[in-house]
Amino acid sequence: MSRGPSRRDGVDPVARTRSRRRALQAVYAMQLSGVDAKNAIAQFAHEQADEVADLEYFEDLVRGVGTHHKALDAALQPFLDRDIEEVDAIERAMLRIAAYELRHRPDVPYRVVIDEALKTVKRFGSEHGHTYVNGVLDHAAAEWRAVEVQAGRG
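Take 120 as the starting number for the sequence shown in the working numbering and just add one per residue.
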C-alpha cells in the first residue's frame, strides 16, 4: 500500500521504487521465458497487485522495454564491454529499464534513474553487478542527457 504522494509533483518515490522492482522481475521473466509485455503485466498485476504501488508506472516500464528493447539494446551497446545478451540477466533487465527511463521518461531526473537502478541491482543482482550497471549508466546518461548532466555538474 502506498503512503501517498510525498513530493509536490505528486510522485511517490516509494511507490516508484516498488514499481521498478516489480518491473525488474517482469522484464527478467520476459527475458527468460519469452513472454511478451502484455502477458508479463497481466501476470504481475494479478499476482502482485498489492505490491505494485504505482501500477501505471510499472506498466509503462514493462511496456516500454517490451516495445523498445531492440533499440534500447542498440543504444546501450557502445557503453558495454560485451554483447548485451552476455550481461547477467538481472543486470541486463535493469539496464534496459534504466535505458528506457533515460531515453523516454525525461520527467525522471537522470540521477534518480541511476540511483534507483543501483539500489535495485544491489538488492537482486550479483555481488558486484551494481558497479557494472553504474559505469554503463553514467556513460549513457552523459551522452543521452548531456544538458541535464552538465547542469548538475555546474
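We treat Cβ as the ideally placed atom computed from N, Cα and C, and that holds for glycine.
Residue 230 is not a Cβ neighbour of residue 176, given a cutoff of 7 angstroms. The beta-carbon separation of residue 221 and residue 255, rounded to 11 angstroms, does not stay under the 8 angstroms limit for a contact. In this structure, residue 209 lies away from residue 192, with their beta-carbon atoms at least 7 angstroms apart. Under the 8 angstroms Cβ criterion, the region 175-190 does not count as touching the region 240-247, having fewer than three qualifying pairs. Here residue 151 is exposed: its Cβ has fewer than 16 other Cβ atoms, across all protein chains shown, within 10 Å. The C-beta separation of residue 156 from residue 194 comes to about 18 angstroms, leaving the pair out of contact by the 8 angstroms criterion.
In the structure shown, residue 262 falls within a helical segment according to DSSP collapsed to helix, strand and coil. Rounded to whole angstroms, the gap between the alpha carbons of residue 252 and residue 160 is 24 angstroms. Straight across, the Cα-Cα distance linking residue 247 with residue 205 is about 16 angstroms.
Here residue 268 has 229, 260, 261 as same chain residues with Cβ atoms under 7 angstroms from its own Cβ, once five neighbours each way along the sequence are excluded. Taking a C-beta distance under 7 angstroms as the contact criterion, residue 237 and residue 223 do not qualify as a contact pair. A straight-line Cα-Cα distance of about 8 angstroms links residue 142 and residue 216. Looking at the backbone, the Cα of residue 266 and that of residue 233 are separated by about 16 angstroms.
Rounded to the nearest angstrom, the gap between the Cα atoms of residue 212 and residue 146 is 6 angstroms.
Close CB contacts of residue 148 within its chain, under the 7 angstroms cut and outside five residues either way in sequence, are with 154, 159 (chain order).
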